[in-house]
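Trainee:
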Amino acid sequence: MIDTNETDTPAAGNRPGPENSQASGIRPAARLWLRDPLAVHLGAGVDQDQAARGIVIDRATETIVELVPAGGEPSSGGADGATGADEALEVVDASAHVITPGLINTHHHFYQTLTRAWAPVADLSLFGWLLNLYPVWARLTPRALELATTVAMAELLESGCTTAADHHYLFPSGMDEAIDIQVDVVRRLGMRAMLTRGSMSLGEEAGGLPPQQTVQDSDVILDDSRRLVEIFHQRGPGAQIQIGFAPCSPFSVTTELMRDSAALAAELDVRLHTHLAETIDEEDFCRETFGLRTVDYLESVGWLGERTWLAHGVHFDDSEIGRLGAAGVSVAHCPTSNMRLASGIARAVELEDAGVAIGLGVDGSASNDASNLIREVRQALYIQRLRYGAEAVTCDRVLDWATKGSATALGRDDIGTIEVGRQADLAMFRLDGLPFSGSHDPIPALVLCGAEKADRVMVGGQWRVIDGRAIGADGVELDKEALIAAHQEEARRLVAG
Ligand code: ZN
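Per my numbering, the sequence shown starts with residue 8, numbered consecutively.
1. Mind checking whether G467 and Q495 have CB atoms under 7 angstroms apart?
2. For the beta strand (DSSP E) containing E73, list its first residue and its last residue.
3. Using only alpha-carbon positions, find the residue among Y176, R195, S180 that is nearest to I186.
4. Helix or strand or just coil, what does DSSP make of F258?
5. CB-CB under 6 angstroms to L154, same chain, minus the five flanking residues each way: which ones, in chain order?
6. With the cut-off set at 7 angstroms, would you say R278 and G423 are in Cβ contact?
7. Between which residues of its own chain and D87 is the CB-CB distance below 6 angstroms, once the five residues before and five after are set aside?
8. Check each candidate in G135, A397, Q391, E313 and name the one with the smallest Cα separation from W408.
9. Using three-state DSSP, classify D130 as helix, strand or coil.
10. The ligand ZN heavy atoms versus the CB of A318: any closer than 6 angstroms?
11. In chain order, which continuous runs of the beta strand (DSSP E) of length 3 or greater are located wholly inside the region 164 to 227?
12. Determine, using beta carbons only, whether S372 and T157 come nearer to each other than 7 angstroms.
13. Buried or exposed for G251, going by 16 or more other Cβ atoms inside 10 Å?
14. Short check: CB of I425 to CB of P108, under 7 angstroms?
15. Quick check: the Cα distance between F134 and R66, rounded to an integer number of angstroms?
16. What does DSSP give as the partner residue(s) for N112 in the beta ladder?
17. Taking DSSP as the reference, what is the three-state secondary structure of T422?
18. Note down the Cα distance separating L275 from L235, rounded to an integer number of angstroms.
19. In the DSSP output, which residue or residues are listed as bridge partners for A106?
20. Let me check understanding here. Comparing Cα to Cα, which of A273, Y389, M207 lies closest to C402?
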């Protein structure tokens, strides 16, 4: 038994748990007991007493192997010596923490961390915002993308996120290996990712919105999409890297490419992602260009099925909500982005009630401008309460969106919940700081008091955040000072042109 918390008391506010054994070279124990948490988010309507005394992780299988109920001890032996020493069990005192499944982000554009809070677009809605940003983004370089991806993922990780989807659709000259660059960053940080091979093929010369230098030929896009799946896509429980296909939006991609992407996704059995029904401008574009509303367009190109998850989904009518639910489409709800660009309030509760899985997305950092997923949970709660009232939109419900719903949107059933057999992807939030002082109930406190950062984050049984700081897959703390300096320099260069 290795109990590293013998002198800890919650009142003293000591940091929990062992030092990072990966970094220190000490061989970690085979199993880990996260003991006596304030609360565990097991899901809306689930009996929380099942895990009142914590969670046991098996490092070899990288999974959750036991929930310890109220009054119980881990079945393989306790950690207090009274029930038998167990040298294979390490204990982390979680008595100041709420534990949630690792949060899952379903929509982002990592490269946009280079254009956060840029005054020329700070007060514009979607189409004007895009037209000003496209020429800046067209100057993206491999180095800038590497840094932007690292910044976005590290920021997500420290906010409690363990799996992140990225929608990268920008492949200007010299950026042919954009997704390869992102794969390297994911591996370095030790997170999980759904990296989508995005695309734009409808330039302004053909009636699209993006400038010509940002679009590619369909053949190039489809060949690269196939290549990426063959090289990087992992299947089954515990997958670290997955590839999906993500034509950008109806106004930046040809109808043929939408159809061909769906056919290739079916052939290779990977997921499909796109922006849809984000704004009224987009709705107007679809009517004028295709003579169809957005969901009719989606159906016409073979996308109305379980393989598809949509970013935003703000402007659907009643019948469209029913059709999306019946088809098993999922939606990445992006509250902050929808407020920042004044796009509207997604009908998330009605979509979910109709059978659409709702995940959360922070969206790209040019329209959020933060990559903070626990903050997004709070934003979702508040914007949805404006539409549906407080009773319908509970703290548990929005936490389910950021975990279970997001996992479903990404086509995964091995992550997103705390259950025996699931991947050991967890986030631990301390509730002993000023913002939580005087709070009574841990789950509402986590959401309502405004948690900003996780204290600890685990991916597949390995600590990736300790004491609020990101630890790379090599066990070494991320040098954020150097990262920020290099990223800032690239950001300035990009905007300067
Ligand atoms: Zn987006």
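Here a beta-carbon is modelled for each residue, glycine too, at the ideal position from N, C-alpha and C. Note that the coordinates shown come from a computational prediction; the quantities given were computed from them, not determined experimentally.
Mentor: In short:
1. Taking the first residue of the sequence shown as position 1, residue 467 is located at position 460. Taking the first residue of the sequence shown as position 1, residue 495 is located at position 488. Going by beta carbons, G467 and Q495 fall outside the 7 angstroms limit.
2. Position 66 of the sequence shown holds residue 73. Taken as a continuous stretch (DSSP letters only), the beta strand (DSSP E) holding E73 covers 70 to 75.
3. Taking the first residue of the sequence shown as 1, we reach residue 186 at position 179. With distances taken between Cα atoms, I186 lies closest to Y176.
4. Here the question's residue 258 lines up with position 251 in the sequence shown. Note: F258 maps to coil in three-state DSSP.
5. The residue labelled residue 154 in the question sits at position 147 within the sequence shown. Excluding residues within five positions, the ones whose Cβ falls inside 6 angstroms are A493, H494, E497.
6. Residue numbering aside, residue 278 sits at position 271 when the sequence shown is read from its first letter. Residue numbering aside, residue 423 sits at position 416 when the sequence shown is read from its first letter. Cβ atoms of R278 and G423: not closer than 7 angstroms.
7. Residue 87 sits at position 80 when you count from the first residue of the sequence shown. Bear in mind that a pLDDT of 47 at D87, under 50, signals an unreliable position, so the model cannot answer this.
8. For the purposes of this step, residue 408 is taken as residue 401 along the sequence shown, with counting starting at 1. Among G135, A397, Q391, E313, the Cα nearest to that of W408 belongs to Q391.
9. Start at 1 with the first residue of the sequence shown, and residue 130 comes out as number 123. The answer is coil: DSSP assigns D130 none of H, G, I, E or B.
10. Translated into the one-based positions of the sequence shown, residue 318 becomes position 311. At least one heavy atom of the ligand ZN is nearer than 6 angstroms to the Cβ of A318, so yes.
11. 168 to 175, 199 to 206
12. For the purposes of this step, residue 372 is identified with residue 365 of the sequence shown, where counting begins at 1. For the purposes of this step, residue 157 is identified with residue 150 of the sequence shown, where counting begins at 1. Not closer than 7 angstroms, so no.
13. Position 244 of the sequence shown, counting from 1, holds the residue named residue 251. It counts as buried.
14. For the purposes of this step, residue 425 is taken as residue 418 along the sequence shown, with counting starting at 1. For the purposes of this step, residue 108 is taken as residue 101 along the sequence shown, with counting starting at 1. In contact: I425 and P108 (Cβ atoms closer than 7 angstroms).
15. Taking the first residue of the sequence shown as 1, we reach residue 134 at position 127. Taking the first residue of the sequence shown as 1, we reach residue 66 at position 59. About 48 angstroms.
16. Counted from its first residue, the sequence shown places residue 112 at position 105. According to DSSP, N112 bridges with A171, L367.
17. Stepping through the sequence shown from its first residue, residue 422 is reached at position 415. Looking at the sequence provided, one finds Ile at residue 422 rather than Thr. It is coil, neither helix nor strand.
18. To locate residue 275, count along the sequence shown from 1; it is residue 268. To locate residue 235, count along the sequence shown from 1; it is residue 228. So the two alpha carbons sit approximately 11 angstroms from each other.
19. What you label residue 106 is simply residue 99 of the sequence shown in a count that begins at 1. The question names Ala, but residue 106 is Ile in the sequence shown. Note: I106 sits in a beta bridge opposite V47, M435.
20. By 1-based counting over the sequence shown, the position of residue 402 is 395. Selected option, being the one with the closest Cα: Y389.
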